[in-house]
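Everything on this sheet refers to the single structure shown next.
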Amino acid sequence: MTSRAKATILDIAREAGVSKSTVSLVLQGSGLIRPETAVKVRKAIEDVGYVYNRGAANLRKAHSNVIGMVINDLTNPFFAELAVGMERVFQAAGIVPFIANTAENPVRQEEVLKSLLEQGVAGLIVSPARGTTPGAFRRIEAAGVPVVFAM
Numbered sequence: 012m013t014s015r016a017k018a019t020i021l022d023i024a025r026e027a028g029v030s031k032s033t034v035s036l037v038l039q040g041s042g043l044i045r046p047e048t049a050v051k052v053r054k055a056i057e058d059v060g061y062v063y064n065r066g067a068a069n070l071r072k073a074h075s076n077v078i079g080m081v082i083n084d085l086t087n088p089f090f091a092e093l094a095v096g097m098e099r100v101f102q103a104a105g106i107v108p109f110i111a112n113t114a115e116n117p118v119r120q121e122e123v124l125k126s127l128l129e130q131g132v133a134g135l136i137v138s139p140a141r142g143t144t145p146g147a148f149r150r151i152e153a154a155g156v157p158v159v160f161a162m
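My numbering puts the sequence shown at residues 12 to 162.
See below:
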């Protein structure tokens, strides 16, 4: 299997016959671009296999539309319903939830929380695992990430 270099905005611009700025504006959903140009750019995006790096965009904007949902037991019907209900609300608001099941394991919970913070989530909803100590959430507090506890 051969590996290809990741497609870039420049590749899209060449394919569509437009500037990098035009491609960027289309990716951002700007209304400044003529609809027929946007269609041409979107086709080029598909043709070259470009995947938008939302993480990089979030860093540039210092904003994320991702919320981490850390659930202690998704096999529990209460928490499963809670996760589904929250996901529906988030979807309507344009927010992407990342859902993680810790299976009541405080070590796994710590790993998941660390990873979500590294990904730059906008906030967290946490149902703490049994045996979680108060110190387990110091990193979240230090990062200034809003957190809601569901118990």
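No residue lacks a Cβ here, since even glycine has one placed at the ideal position from N, Cα and C.
By the CB criterion at 8 angstroms, Ser-138 and Phe-101 fall outside the cutoff. Assigned with DSSP and collapsed to three states, Val-95 falls in helix. Burial is judged here by how many other beta carbons sit within 10 angstroms of a residue's own beta carbon; Asn-87 has fewer than 16 and is exposed. Of the residues Gly-142, Ile-56, Gly-134, the one whose Cα lies closest to the Cα of Val-158 is Gly-134. Contiguous alpha helix (DSSP H) elements confined to the region 34-65 occur at 46-59, taking only those with 4 or more residues. Using a Cβ-Cβ distance cut-off of 8 angstroms, the region 21-36 and the region 49-57 are in contact, since at least three pairs of beta carbons, one from each stretch, lie closer than that value. Distance from the Cα of Gln-130 is smallest, within the candidate group Gly-142, Val-118, Arg-149, Ala-154, for Ala-154. Scanning Ala-111, Phe-109, Asn-83 for the CA closest to the CA of Gly-142 turns up Asn-83. Nearest to Ile-110 by C-alpha distance, out of Asn-116, Ala-104, Val-95, Glu-121, is Val-95.
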